[in-house]
Amino acid sequence: MRYAGLAAPKPLRRHQRQALNALEAAFAAGRRRAWVVLPPGTGKTLTALEAARRLDAPIVAFGPNTAIQGQWLAEWRAFGEKARAGTSRLLGEDVTVLTYQALASFDPDAEIDEEGGRRPAHLDRLRPAGRELVERLAALGRVTLLLDECHHLLDTWGELLAEVLRRLPEATVIGLTATPPDRLTPAQGELVEELFGPVVRGPSIPAVVREGHLAPYAELAWLTCPTAHEQAWLAAEAERFAELTTDLLDPGFATVGFLRWLDSRLVHRGDDAMTWQRLERREPALAAAALRLHHAGLLPLPEGARVREEHRHRPTADDWVCLLDDYVRRCLRRGGEPADAAAVEAIRLALPSIGYQLTARGVRAGRTPVDRVVARSEAKTVAVAEILAAEHAALGERMRALVLCDHERATATLPARLSGVLDEQAGSARLVLETLAADPRTARLHPMLVTGRTVAAPAATAAAFAAFCAGTARLDPIPPGARGVVEVTGSWNSRAWVALATRFLESGGCSVLVGTRAMLGEGWDAKGVNTVVDLTEATTAGAVVQMRGRGLRADPAWPEKVANTWSVVCVSAEHPKGSADWERFVRKHDGYFGLTDSGTIAAGVAHVHPELSPYAPPPVSGFDRFNTSMLERAADRARVRELWRVGSPYEDLPVHSLRVEPARAAARPAVSRPEPPRAVPAERGISPRPRLDRRPHLLAGAAGWVAGAAAWLAAGFAEAPAVLVADALPLALPGGLPLGAAAFLLVRRARRATAGQAALREVAGQFDLPAIACAVADALHAAGQVPEGARAVHVEPDGAGAYWIELRGVPEAASRRFSLALDEVLTAPVAPRYLVPRYLVEPGRRQGRALMAGHPEPNAVVHHAVPEALGERRKDAQAFAKAWNRWVSLGEPLYTRSPEGAGILAAQAGGSPLDVATALRVTWR
């Protein structure tokens, strides 16, 4: 056997064994290709090499950069003394590790053939060395190809790979990535299926943290504004568009004013127009823009529209553009009047200030330097120093930080409009290094720059690093007396200097590495890294997972390690496009699971802070308070580890949740398996009506009777002989009746008022969100739409006054169905087929007496929508009403197509039956 005597250097973890078993089953079934998804830090390299060793064929591994190439070589050599590997394209070793660039290097002269036509095949465009490598791979016949970080293939080299694999019919191909398949675009998913077939999926990142194989982590953010100089430029750029939006509100802006057009186009829409739901499906961006304009008070609520979380924010520049595009195409250009032409010209002149152009076919995205200003603001570089200084204060010499940038140096010429606004190197790793070196708080952290081309550091750190490398690499001496940042040069390559810089960091020679995403942002392995600062503009799922993975590896030197990953976000309120960096931040966290401050593991920006919304940044005025809360959370790593509950059971399933933020706290903050209340509100009073024990007021009446009789005797026979008093007793009994009756009635009245009021108070006070959630769950369960009912409802506070509500222990689709249904019940009815009443109890003494007397007073009422999932059939609506009666309130479902139902729906006029804000989220269990 080719690899006899070699074996995996350490015991395989459970998820590695499961992946290997899945691969063996796939190959045994005749498949020759597989795509393996494992989180960063879980041993993808070891898993792939072990799978390839078992196949006993020559192994050729490809990776995206030399740092990863070096790690593959080291991993294979750990398999045993005879485990040898090479990096030559000659493929002379049993194991060869190459970069993708060794294959995918294209000849620009081969773009066209001799006849001037474009070459159809990517293989024909390869340089000679690339074509020779393909021929050598084909000559190997039976070979195992290992494609690391193969999400790159989907973006860059997918079509080339397809052509290469057609030349290698005997090859077994294993693709490796940390990008979950559900984060792929549809086009990428189709390419994966074509190149590799079904995915071998490992555990999620939270699952591996729970297993104890990855470090617990917290996702944090630092919010900042551009510098004063940058803000002034942004404000000047926004002036023309601000003037346009003001002019648009003038009814005389054109023949048909902007708001008048929107009112006829989107609000009233005519008698024969499409429903709002259909409009939302056909033109979602236009519908969303209209609802945000409604939230700003500029447009009435369209009939049938539901205002959701994403609409409760001021209109964005993109919203204005979407509405203007419709206005220009459907109204102004059809008008033909001079006023309409002037309006079109005003819009055309204003749009470039926010990055759009008006063309003959409508509004199209153009170029604007605004995004460059917020993405590369000087304030973001300053923020890095603040973060690292705080992290060092918390961790001391244990801190190991990685700062990731998109590029080492800015090579593109700064646009003339930005001259004097941004530094030419704004956003570059080089500028970050110089900033850290100039700040006394971070200069003592000995920051270093490590990229694919350069190693640089403050002179003293560079000299220490050169001494550290002595005997390993031949380096040029650091000039004596050198000051500032200097480069470390010598006879070495990036594979060597990345490995040496990594060891220097791990040993404590420096505490901060500044690098590029291409070199250190994926595949690079440094177990000691516990702080990552993300300055990149990358938002693809693969890049996000990889960058965050740099800090997740468990550290044998610090078993209690907790990693903090910081996103630095710049927001400007001075420009309509000033939230572009925030939108990038949202895309980075979309679908990525992190720990909330209450212990929930959730996807999206809510895991950074519960008050954050994916639809708009928080007010600038709150940035300082927000950053303070982030620093406090960053310093309390012990609490983060505790909230992760390492070692506790998990299902490794996404769960759809509803975050509900009431205007006032609910009566019960959390409940897992509640019991139905003893009584619920009814149209009059409550049901069932409480019973009053008659004995106390009967005893009071008897006592009053006796007292009355005694008083009668005392008044009439005070000085009579005893014999006469005895004879008068039968006459005294009726005399005591008035006082006895009065005592009976007074005590009963008081007790009725007290007991009735207490019962009403209990019912009024017991209403809470869990009651409604349980009713929804039971109704869906009774209708056969979810496998569990109320006992699976879980409600937990998030520490910010809101609650997470979800249905646990059910499939993802069922949890989503529950969350959507609950959202419909809690928010304003839009166009439901049925409504159910919720009666509001007034717990006064008068109402209490009336209740106990059997003549309860009528209650006020609000109406909730029967959710769409239960509103299509009368039978399902009745099932919902039955659960509603048990948990929330008595009342029959009311058909909204009836005159009475239509009247009630119109009277509610889009008003919410509860003063709550809801947001649909995805959590992990």
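Once you know that position 352 of the sequence shown is 600 in the numbering used here, the rest is easy, because the numbers rise by one and skip nothing.
The beta-carbon is built from N, C-alpha and C at its ideal position, and this holds for glycine as well.
Which whole-angstrom value describes the C-beta separation of residue i and residue j, a residue pair presumed to lie in contact below a C-beta threshold of 8 Å?
i, j, result
"Arg692", "Ala633", "The pair is not a contact, with the Cβ atoms about 12 Å apart (cut-off 8 Å)."
"Thr683", "Thr607", "Their Cβ separation, rounded to whole angstroms, is 42 Å, which puts Thr683 and Thr607 out of contact at 8 Å."
"Ala469", "Trp740", "Not really, about 37 Å apart at Cβ, beyond 8 Å."
"Leu416", "Ala387", "About 10 Å; that fails the 8 Å criterion."
"Gly1139", "Pro1080", "Contact doesn't hold; Cβ gap of about 14 Å is too wide."
"Val515", "Leu547", "6 Å"
"Ala1050", "Pro858", "6 Å"
"Val810", "Pro464", "5 Å"
"Leu443", "Arg281", "7 Å"
What are the start and end residues of the alpha helix (DSSP H) that includes residue i?
i, result
"Val630", "626-643"
"Phe506", "506-510"
"Ile1152", "1147-1156"
"Thr750", "742-754"
"Tyr575", "565-575"
"Gly328", "No alpha helix (DSSP H) holds Gly328; DSSP gives it neither H nor E."
"Tyr348", "348-351"
"Leu409", "406-414"
"Ser1067", "1060-1074"
"Leu471", "Unbroken run through Leu471 is the beta strand (DSSP E), 465-472; no alpha helix (DSSP H)."
"Ala1098", "1093-1100"
"Arg1183", "Outside the shown range of the chain, which is 249 to 1173, sits residue 1183, and nothing can be said about it."
"Asp588", "586-598"
"Asp1124", "1122-1135"
"Pro910", "Per DSSP, Pro910 belongs to no alpha helix (DSSP H); it is in the beta strand (DSSP E), 902-910."
Would you give the residue range spanned by the beta strand (DSSP E) that residue i belongs to?
i, result
"His477", "Run containing His477: none in the beta strand (DSSP E); it sits in the alpha helix (DSSP H), 476-496."
"Cys1183", "This structure cannot settle anything about residue 1183, because the visible part of the chain is limited to 249 through 1173."
"Gln605", "604-607"
"Glu1054", "1051-1055"
"Leu395", "392-395"
"Phe310", "307-311"
"Asp838", "Counting along the chain, Asp838 falls outside any beta strand (DSSP E), and DSSP gives it neither H nor E."
"Thr1166", "1164-1172"
"Val1041", "1041-1045"
"Pro938", "No beta strand (DSSP E) contains Pro938, which DSSP labels as neither H nor E."
Using a threshold of 8 Å, state whether the C-beta atoms of residue i and residue j are closer than that.
i, j, result
"Lys775", "Pro804", "yes"
"Ile602", "Pro824", "yes"
"Glu502", "Asp588", "At residue 502 the sequence reads Ala, which differs from the Glu that was named. Yes."
"Ala649", "Leu666", "no"
"Asn778", "Leu643", "yes"
"Arg556", "Arg907", "no"
"Lys836", "Thr787", "yes"
"Arg765", "Asp654", "yes"
"Val621", "Pro695", "no"
"Asn1181", "Gly719", "Residue coverage of the chain in this structure runs from 249 to 1173, which leaves residue 1181 outside it and unanswerable."
"Ala299", "Leu254", "no"
"Pro563", "Ala594", "no"
"His419", "Val448", "Correcting the residue identity first, residue 419 is Ala in this sequence and not His. No, these two residues do not count as a Cβ contact at 8 Å."
"Gly842", "Glu467", "yes"
To which residues does DSSP link residue i through a beta bridge?
i, result
"Tyr1087", "Val1109"
"Val849", "In the sequence on display, residue 849 carries Ile and not Val. In DSSP, Ile849 forms a bridge with Leu843."
"Cys653", "Thr764"
"Ser896", "Ser896 is not bridged to any residue."
"Thr523", "None, per the DSSP bridge assignment."
"Gly870", "According to DSSP, which records beta bridges pairwise, Gly870 is partnered with nothing at all."
"Ile422", "Ala282, Leu394"
"Gly614", "Bridge partners of Gly614: none, in fact."
"Tyr1143", "Tyr1082"
Checking contacts by CB at 8 Å: is residue i closer than that to chain D?
i, result
"Asn741", "Here there is only one protein chain, and chain D is not present."
- the segment 341-351 contacting the segment 416-435, beta-carbon criterion three pairs below 8 Å: Result no; under three Cβ-Cβ pairs closer than 8 Å.
- Would you check if the segment 759-773 and the segment 795-804 touch, i.e. whether three or more CB-CB distances between them fall below 8 Å? Yes, the segment 795-804 is in contact with the segment 759-773.
- Query: Counting Cβ pairs, one atom from each stretch, are 3 or more of them under 8 Å apart for the segment 1080-1094 and the segment 1133-1150?
  - Reply: Taking a cut-off of 8 Å for Cβ pairs, the segment 1080-1094 and the segment 1133-1150 touch, as three or more such pairs fall below it.
- Query: Counting pairs of Cβ atoms below 8 Å between the segment 843-859 and the segment 494-511, do you hit three or more?
  - Reply: In the pairwise beta carbon analysis, the segment 843-859 is classified as not touching the segment 494-511: fewer than three pairs are separated by under 8 Å.
- Inter-stretch contact at 8 Å, needing at least 3 Cβ pairs: the segment 1093-1104 / the segment 1125-1132: The segment 1093-1104 is not in contact with the segment 1125-1132.
- Touch test, the segment 1040-1049 against the segment 1148-1161, Cβ-Cβ under 8 Å, three pairs minimum: Too few Cβ pairs lie closer than 8 Å, so no.
- Item | At least three beta-carbon pairs within less than 8 Å, the segment 486-498 to the segment 297-311 | No: the two stretches stay apart, fewer than three of their Cβ pairs being nearer than 8 Å.
- When the Cβ atoms of the segment 611-618 are set against those of the segment 525-535, are three or more pairs found closer than 8 Å? Counting Cβ pairs under 8 Å, fewer than three are found: no touch.
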